[in-house]
Structure formats: C-alpha cells, structure tokens
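Let me begin by presenting the structure, written as structure tokens, before commenting on it.
Protein chains: 2
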Amino acid sequence: MKFEAATIKDIAKALGLSTSTVSRALRDSYEISEATKKKIRDYAAAINYRPNPVALSLKEKRTLSIGVVVSEIANTFFSQVINGIESIAYKNGYNVIITQSKESVEREQMILDYLTSRSVDGLIISVSAETNDFSNLEQLHKKGLPIVFFDRVVEGIHTHKVITDNFTGVYRATGHLLENKFKRIAVIANNVNLSITRDRLAGYIKALEDHAIPVDESLIKYCDHGGLLVEEVEQAVEALLKTKKRPDALVLLADKITTETFSILKKKGINMPGEMGVIGFNNSKYTSLFDPALSVISQPAFEMGTKAASLLLNLIESKRTVTDYKLESLPPDIVIRKSSRFPIDDQ
Amino acid sequence: MKFEAATIKDIAKALGLSTSTVSRALRDSYEISEATKKKIRDYAAAINYRPNPVALSLKEKRTLSIGVVVSEIANTFFSQVINGIESIAYKNGYNVIITQSKESVEREQMILDYLTSRSVDGLIISVSAETNDFSNLEQLHKKGLPIVFFDRVVEGIHTHKVITDNFTGVYRATGHLLENKFKRIAVIANNVNLSITRDRLAGYIKALEDHAIPVDESLIKYCDHGGLLVEEVEQAVEALLKTKKRPDALVLLADKITTETFSILKKKGINMPGEMGVIGFNNSKYTSLFDPALSVISQPAFEMGTKAASLLLNLIESKRTVTDYKLESLPPDIVIRKSSRFPIDDQ
DNA sequence: TATATTTACGCAAACGTTGCCGGAATCGTA
DNA sequence: TACGATTCCGGCAACGTTTGCGTAAATATA
Numbered sequence: 001m002k003f004e005a006a007t008i009k010d011i012a013k014a015l016g017l018s019t020s021t022v023s024r025a026l027r028d029s030y031e032i033s034e035a036t037k038k039k040i041r042d043y044a045a046a047i048n049y050r051p052n053p054v055a056l057s058l059k060e061k062r063t064l065s066i067g068v069v070v071s072e073i074a075n076t077f078f079s080q081v082i083n084g085i086e087s088i089a090y091k092n093g094y095n096v097i098i099t100q101s102k103e104s105v106e107r108e109q110m111i112l113d114y115l116t117s118r119s120v121d122g123l124i125i126s127v128s129a130e131t132n133d134f135s136n137l138e139q140l141h142k143k144g145l146p147i148v149f150f151d152r153v154v155e156g157i158h159t160h161k162v163i164t165d166n167f168t169g170v171y172r173a174t175g176h177l178l179e180n181k182f183k184r185i186a187v188i189a190n191n192v193n194l195s196i197t198r199d200r201l202a203g204y205i206k207a208l209e210d211h212a213i214p215v216d217e218s219l220i221k222y223c224d225h226g227g228l229l230v231e232e233v234e235q236a237v238e239a240l241l242k243t244k245k246r247p248d249a250l251v252l253l254a255d256k257i258t259t260e261t262f263s264i265l266k267k268k269g270i271n272m273p274g275e276m277g278v279i280g281f282n283n284s285k286y287t288s289l290f291d292p293a294l295s296v297i298s299q300p301a302f303e304m305g306t307k308a309a310s311l312l313l314n315l316i317e318s319k320r321t322v323t324d325y326k327l328e329s330l331p332p333d334i335v336i337r338k339s340s341r342f343p344i345d346d347q
Numbered sequence: 348m349k350f351e352a353a354t355i356k357d358i359a360k361a362l363g364l365s366t367s368t369v370s371r372a373l374r375d376s377y378e379i380s381e382a383t384k385k386k387i388r389d390y391a392a393a394i395n396y397r398p399n400p401v402a403l404s405l406k407e408k409r410t411l412s413i414g415v416v417v418s419e420i421a422n423t424f425f426s427q428v429i430n431g432i433e434s435i436a437y438k439n440g441y442n443v444i445i446t447q448s449k450e451s452v453e454r455e456q457m458i459l460d461y462l463t464s465r466s467v468d469g470l471i472i473s474v475s476a477e478t479n480d481f482s483n484l485e486q487l488h489k490k491g492l493p494i495v496f497f498d499r500v501v502e503g504i505h506t507h508k509v510i511t512d513n514f515t516g517v518y519r520a521t522g523h524l525l526e527n528k529f530k531r532i533a534v535i536a537n538n539v540n541l542s543i544t545r546d547r548l549a550g551y552i553k554a555l556e557d558h559a560i561p562v563d564e565s566l567i568k569y570c571d572h573g574g575l576l577v578e579e580v581e582q583a584v585e586a587l588l589k590t591k592k593r594p595d596a597l598v599l600l601a602d603k604i605t606t607e608t609f610s611i612l613k614k615k616g617i618n619m620p621g622e623m624g625v626i627g628f629n630n631s632k633y634t635s636l637f638d639p640a641l642s643v644i645s646q647p648a649f650e651m652g653t654k655a656a657s658l659l660l661n662l663i664e665s666k667r668t669v670t671d672y673k674l675e676s677l678p679p680d681i682v683i684r685k686s687s688r689f690p691i692d693d694q
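Line order of the protein sequences matches chains A and B.
Read in order, the letters of the first sequence are residues 1 to 347 in our numbering.
Read in order, the letters of the second sequence are residues 348 to 694 in our numbering.
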C-alpha cells in the first residue's frame, strides 16, 4: 500500500510554472508577483500540499527532531520528564522521538545507532543501569552531537546536565527516619555504575555520620538492573530480613525498587511502619493511596524535562561550539506519610 | 553546533572510486570485485560509516518508522501497549514514534499533520476523547495511509482494529457486584463519543437487565475529558453521592477515572467497600497495593500492542490494497479484590 | 529612442543514496 | 588475429526542496 502526497512539482506542472517559482511563492518571496503567489497558494491549499520534511531534512541537514532515551516510559518519573521535554520542544517546532532502553546496554546501543545516524538533531538521555562503557556516547559528543544528560548523568562527558539534588534528598529522608526513632536503617540502591546511586548513597552515609551512627555495609544492597527484575529486589529484601540484627527501616533509592520492595514486604505480611519503616524515591501519584500511605522522595520531573529541553535547544541552535556547560541541580520534594512515621506517632 | 557524519562520497573520494561503486560494494553486489569490496568495507568500518536514513527515505519513499498516537503515555495501559508495539516493530526493522494527544483535538490534529506529512509509513492510534470529527483521519485513510485503530476505534473507518472485549468486561464486573449483594450500581464513563464508552455502557446495561434491574439514568455519569481533569471526576462523584438514593457500588469505565475516583472517595473518608463497592478499568500493577486493594478490569495491553503492530506491518508491506479488515477483540482480565467484595465476606 | 533599471520568473546544483545504462579492460575462443 | 563474452566500474538521473544566478520582458530614465 502506498501513500502518495502532493509535491511542489505537482503544483508547478498544474500551473505551468517552475518548481522554484512555486517554492518561492510559498515562502512569500518578494521576487514573485502577488497574482502568481495567490494562484499558487490557492492551489496548494486546494490539494492540501504539505512540504516533505524528509526532503527538507536532507537539504538542511537537520531534522527538527530530538531523541529522548529513558530506561522505561511506564516509569512515572520518566513520563513526567518526557511531558516537560515535549512542552518545550513543540513550542519551538521540534518533535520528540521517545525511546526506552529497558536498562539494557545492547538496546541502548541500538537506539543510539538509530537516533544518531542523522535522524535527530540532539539527544536527551538518562543512561541505562547496565551501561558502564560510555565511549560511544563520548564519541558522539566529540563529533559534535548536542547531548544533554538528565537524572543518570555521565561524569566524564562535559555537557549540560540536569539532576535532582539526590544527596540532599536522601540525606533528609534518612535524617527523617532517624528523628522518628528508627535505629537500624538499610538502603536498597540501583546499579553502582550510576551517578544517582553514588550521590544517593553519599546522602545516606552523611546522614548516618551526622547522627554518629557507623555505616554497616551489610545494610547496603544493590539491584544491578534498577529493580526491573523482580528477583533482584526479592534477593535484596530477603538478605536484609535475614541479617542477624534486622533493620527497622528502609530507604529505597530508585522508583522501581521502591514499589517492588513495598509490594514484597506487603506480600510477606510485614507491618509497615511497625516492623519496617519505609521511604523511597517515587514519582507516582498513587503512593498516597497505598496501604500504608507511602512516604516518598519525589523529583521535579516535569521541570527537569523543560530545563533539559531548553538547554538542548540552546546547544542545537548555537552557532559556535559551546564550552560553558551547566549542571542544574533541582531540589527534590520529600513527602512524609504513614509508612515512615514511627508507630508511636500513629493516629 | 553541527554534527557531520561520513557519507558514501567521502569513501569514494578517499579511495578514488565512484559513489555507485561504493554503494554497490557496501550492498555486496556481484558486480564489484572482492578486492575492491574489501577495501571499501574496511575503510567504511574505519570511519564508522552509517548510511543516511534521511536520504534513503527520500529515495525509497518510506521511512521505516510508524507513528503511535495515544492520549497519555503516563497511563499504564498505553505504555504497555507501546511496549507491545515496539517489540514487533524493532524486530522488523521499524522504529516507533510515540506521541500523546492529551485528549485534545488540536493536539491530535497537529500530531497527525506532522506524522503523516510523509514521516511515517503507518499509524497506530487510539483517538482522543474530545474528537468527534474524524474526517481528517478518514481522508488519510482514503489516500492510502495504513492505519490501525486500537482501544478507541472509529467505527466509520474501515481498517484493522484491535480492542478489548469491553462489553463482556463490564458485563461481568457489573454481574460480580450484583452477585455480591450490591444493589444500586452506578457508573462513571468516559466521553460518549468514544467507542469504548458505548461498548462498556452496553455491558453495564445488559448486566442490569439480566438481573431484572431497571436502568436509572441518574446513575450514569460522564467525564468528557476521560478523567484528565480532576474537577470533572469530582463533579461526577459528588453528583452520585448526592442522589436521593445513593448508589452502593461503582463501576469505573476508564483507567484514569478509576484512580481519580478512588482517590476522591478516600479523601472523603468513604469506606470501601462498606459504603461503596468499587471496581474499574485499570492496568497499573499498583492497584493491589491500594487501601483497600482495588478490584480491576485489566486489558491485555501488551498483546493488543503486538497485534496492532503486526496488522499494521502487514498493511504497510502488502503490495495490493487491503480490503479484508480484521476486528480483533481480546478478552479482558477481571481481578477481584477487597474493594468490590460485599463487606460481609470480608475477613 | 536608446539605455538603465526593475520585475518576475526559469535553470541548475545540491543534500546522500540507488539503479539503470554504458563502456573500458581483460579473457576466452575460433 | 579478430571477435564476442565477461568482469568491473563510472556517469547520470532521480527522490523533493531551496537558492544563487541568469535572463527576458516590462518599466523607468535620460
């Protein structure tokens, strides 16, 4: 099945003019008489002519589209970021190609291959959890492809970055648990490759230190696939529950890990916050409906998207090579609900 | 900032050959000697040559990409469908452009304009709630653009369609409530323009009839924006709560409406299922974590995506015009949890 | 009236790629 | 030796669009 659309040639032929005249008339050039312009415009409207963006792209060497790579669009945080990106992109005539890496290196590689073989003008990316070799992204960056990182950034590559103040978020969340009389606080983190994992862990450790509590390595667990695999979260939770001195509270350092852990604890019939206080990263609106209502560290996702998109468009449209790169760090929002309130405070 | 990539011309010039020779060598034509092929392939690999998809698209008059239009990607149902679509598309070398209409006619129109001005080979769409004029889609279809509808289909346009058996889903959900001794069952539906709204309402009405219960129009409320506006859901709920004989159970006929209504009832302190039994469409995994655990009608979203994508690829790759269109109706999954069990059955 | 200027349009190249056609060089055969 | 067949490669056009340049006709100027 084919889908043929009208071209500038069709108009030229029908009106006995040249393609250049038609092209200029449609762009309202002063070189074309008003009479001819009107004829051309009317005919173009009649046959519903639309310029072929593919031809334009080939000629202009730009596609007016930007690529976005996230690990999973079903993740509320990412879909909110995408909404932010789209709001800016559309306003500036750019269109957005959304892709998901599913935390897989291979898939990420495929996507980058596709996106960058000249089909996008720039890239907004939160790298996959599995990835630890960034030479490919590095190369693209060196070749001049405008890139903006958000959330999971690559420290070695110098370009604009938009993140949440992860350190402070976790520092405050951990502090909150400690002030609520929880004594033994464990964390389940994402892959240690990720910048967010390191920043968030640092916040946890600093909070413990500031409360003069020694860091117990056995209370720090990792999920290498960011919680995308149920089993890895189960293993982490199991391990924590089995430690001689079982933790009485949990800080969950990634969206997916938070909901999975919550679900596992519930299934096990573990009382929250009675047996286990819980707080974790999550951007879903639904956490307030959970039983018990879940305390969360939520990120200003939409704003992160708008910032990232603005920075990218700057990069794309700047004539000269940019060297002054920004790191935007936005404050997280900590929402305390029942799951992290020490039982005694319970109504 | 510019991003220049290697072309076939660069290779030709560097090796003192013509572009046609290079092109043929890279496509392994029998007309080129092995020696030359090797030289060309080695050099291409060295400079990391990738064919320019834009140029290919212009020449081949196809883009190897398909457009997907949903109302909101943050909606779990849609993100699952998208996952299904992508799984098939990638396997066949197609790439997927995801867009969201946000239930707005204007936005949907913009998107269609963009997508169809030759930048996609086909379209998978669930129409926006606001739309009731489908002449535009109709035109595209007539012009030969391959289209597959899913979820919210347009009855007047004859092409492949993939839906859930909405009638049966609601029929059984309503029946379940009735068998659980709920007496006065109300529904909150999506915009009446939508096929899903009509099908789902029909299931509700048939269930009542089969239980010899008269249909009370005051128990049927609509949200014209599919629940995207919080106020419209609030109004619907308020109205139902204020009716002289307040309903004792609710069937929610759209994903977004389900979670919004649940949230509103909770905020009002209305006991579920004690004061109000609740069941509704929703594809989120989180509903089991709600308080009370929420009964849902969930759709085989991933499978809907794979089916829709397969049908679309068939359409795109078939030489002759297809006239034998399929309507795939997949069974929904009804998950009964606490929110819809008559209180007496409660543990 | 002859020349200069303006107006209004066409021609052709270019973006990167493919495929048809044509042709030089080499080989085989009589 | 002469001829056709084969091997291997280059030239050119085309996809749809924009743009610099060229130019005929129309108008203005002297």
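The beta-carbon is built from N, C-alpha and C at its ideal position, and this holds for glycine as well.
Query, Result
"If B/Ser631 and B/Pro679 are in contact, beta carbons under 8 Å, what's the gap, nearest whole angstrom?", "No, B/Ser631 and B/Pro679 are not in contact; Cβ-Cβ is about 15 Å, not under 8 Å."
"Looking at the structure shown, is B/Asp680 part of a helix, part of a strand, or coil, going by DSSP?", "strand"
"Looking only at its own chain, which residues have a Cβ that is under 7 Å from the Cβ of B/Val501, when we skip the five neighbours before and after it?", "Val474, Phe481 and Leu484"
"Taking the alpha-carbon of A/Ser101 as reference, which of A/Tyr94, A/Lys91, A/Asn92 and A/Asp113 has the nearest alpha-carbon?", "A/Asp113"
"Could you check if A/Tyr171 is buried or exposed, using at least 16 other CB atoms within 10 Å of its CB as the buried criterion?", "buried"
"State the DSSP-derived secondary structure class of B/Asn661, mapped to helix, strand or coil.", "helix"
"Go ahead and pull the three-state DSSP assignment for B/Thr354.", "coil"
"Could you check whether the Cβ of A/Ile270 sits closer than 7 Å to any Cβ belonging to chain B?", "no"
"For B/Ile420, name the three-state secondary structure that DSSP assigns.", "coil"
"According to DSSP, B/Asn442 sits in a beta bridge with which residue or residues?", "B/Ser412"
"Listing by chain order, which chain B residues have their CB less than 9 Å from the CB of A/Phe290?", "Tyr633, Leu636, Phe637 and Asp638"
"Shortest alpha-carbon distance to A/Glu260 belongs to which of A/Glu275, A/Leu294, A/Lys242 and A/Asn193?", "A/Leu294"
"Nearest chain A C-beta to B/Ala421 closer than 7 Å, yes or no?", "yes"
"Can you pull the chain A residues whose beta carbon is under 9 Å from the beta carbon of B/Pro400, in chain order?", "Tyr114, Ser117, Arg118 and Ser119"
"Can you pull out the residues from the segment 592 to 616 of chain B whose beta carbon lies closer than 8 Å to at least one beta carbon of chain A?", "Thr606, Phe609, Ser610 and Lys613"
"Which residues in chain A sit within 7 Å of B/Asn295, going by Cβ to Cβ distance?", "Nothing about residue 295 of chain B can be reported from this structure: the residues present for chain B run from 348 to 694 only."
"Grab me the residues of B/Ile552's own chain with a C-beta within less than 7 Å of its C-beta, minus the 5 sequence neighbours each way, in chain order.", "Val562"
"Which chain B residues are close to A/Ile98, counting only those with a beta carbon under 7 Å from its beta carbon?", "Ile445"
"Chain A partners of B/Thr410, CB-CB under 8 Å?", "Val54"
"Measuring only the C-alpha atoms, how far is B/Phe637 from B/Asp512?", "26 Å"
"Rounded to a whole number of angstroms, what is the C-alpha to C-alpha distance between B/Leu677 and A/Ile111?", "31 Å"
"How would you list, in chain order, the residues of chain A whose beta-carbon sits under 7 Å from the beta-carbon of B/Ser475?", "What B/Ser475 touches in chain A: nothing, since even the nearest Cβ is about 15 Å away."
"With a threshold of 7 Å between beta carbons, is A/Leu208 in contact with chain B?", "no"
"By how many angstroms is the C-alpha of A/Asn191 removed from the C-alpha of A/Val70?", "15 Å"
"Mind listing the chain B neighbours of A/Ile82? Cutoff is C-beta to C-beta under 8 Å, in chain order.", "Ile420"
"State yes or no: is the beta carbon of B/Ser482 nearer than 7 Å to at least one beta carbon in chain A?", "no"
"Please report the residue range of the beta strand (DSSP E) in which B/His558 lies.", "Per DSSP, B/His558 belongs to no beta strand (DSSP E) and is neither H nor E."
"Pairing CB atoms from the segment 652 to 670 of chain B with CB atoms from the segment 618 to 632 of chain B, are three or more of them under 8 Å?", "no"
"Less than 8 Å between C-beta atoms, sequence neighbours within five positions excluded: which residues of the same chain meet that for B/Asn540?", "Ala476, Glu477, Thr478 and Asn479"
"Along the segment 23 to 57 of chain A, what residues have a CB closer than 9 Å to any CB found in chain B?", "Asn48, Arg50, Pro51, Asn52, Pro53, Val54, Ala55 and Ser57"
"Against chain B, with Cβ distances strictly below 7 Å, would A/Ala5 count as a contact?", "yes"
"According to DSSP, is B/Thr773 part of a helix, a strand, or is it coil?", "The structure shown does not extend to residue 773 of chain B, since chain B spans only 348 to 694, so no value can be given for it."
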